[in-house]
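Numbering (this note's numbering), first residue to last: 540 to 731.
Beta carbons are placed, not taken as given, at the ideal position from N, Cα and C, and that holds for glycine.
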């Protein structure tokens, strides 16, 4: 397997403060890739950044941003304007369980903002530069929930189906561009 660093010096990982995002950050750092760590909780990001700098001697940039908030993707882009992002890991996401009509509307819309709109906005922002360099990687963390209707988690399943379809379509569109696109579909994960 080629080194992940072959995609570029920097990776950006959303949802980096726990679970799959932290695992991605640790593996990227182990392969000497510098990291932009994005999540809501600055204290956890700072602790992870310190761990990765100490253990792997990589550069880090911490961006405490809640991708559920309006304009979050645009603010995030300002934080990294000076960096050449070679790997984008769209990992931030959340779910809520319950009957669709009983889940608060703002939570439904927030889930769509984080799980779909942020993924599309960040991928749309970073993909052209990767294509121009003819190297890069976009990873979209979907879920097995994106493969079939999921009762009592309707919005989550729908958002993950969006992520899966976006990832597969972008893979097809970018096969000859030098940019690898992967839609990852994990099963249940013990995270927060």
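Setting aside the 5 residues that flank it on each side, residue 700 is surrounded in the same chain by 685, each with a C-beta closer than 7 angstroms to its C-beta; the list follows chain order. Across the structure, residue 571 and residue 601 are spaced so that their CA atoms are roughly 17 angstroms apart. Secondary-structure assignment with DSSP links residue 603 through a beta bridge to 578. Segment contact: the segment 604-623 against the segment 588-596, fewer than three CB-CB distances shorter than 8 angstroms; contact not assigned. Taking a 10 Å sphere around the C-beta of residue 638, we find fewer than 16 other C-beta atoms and assign the residue as exposed.
Contact between the segment 634-650 and the segment 663-675 is absent: fewer than three C-beta pairs spanning the two stretches fall below 8 angstroms. Taken in chain order, the complete beta strand (DSSP E) segments of 3 residues or longer contained in the segment 606-668 are 624-629.
In the three-state DSSP reduction, residue 730 falls in the coil class, being neither helix nor strand. For residue 573, same chain residues with a beta-carbon under 6 angstroms away, outside a window of 5 residues either side, are 548, 549, 597 and 598 in chain order.
Taking a contact as a CB-CB distance under 8 angstroms, the pair residue 705 and residue 678 does not count as one, their CB atoms being some 12 angstroms apart. Assigned with DSSP and collapsed to three states, residue 698 falls in helix. For residue 721, the enclosing beta strand (DSSP E) starts and ends at 718-723.
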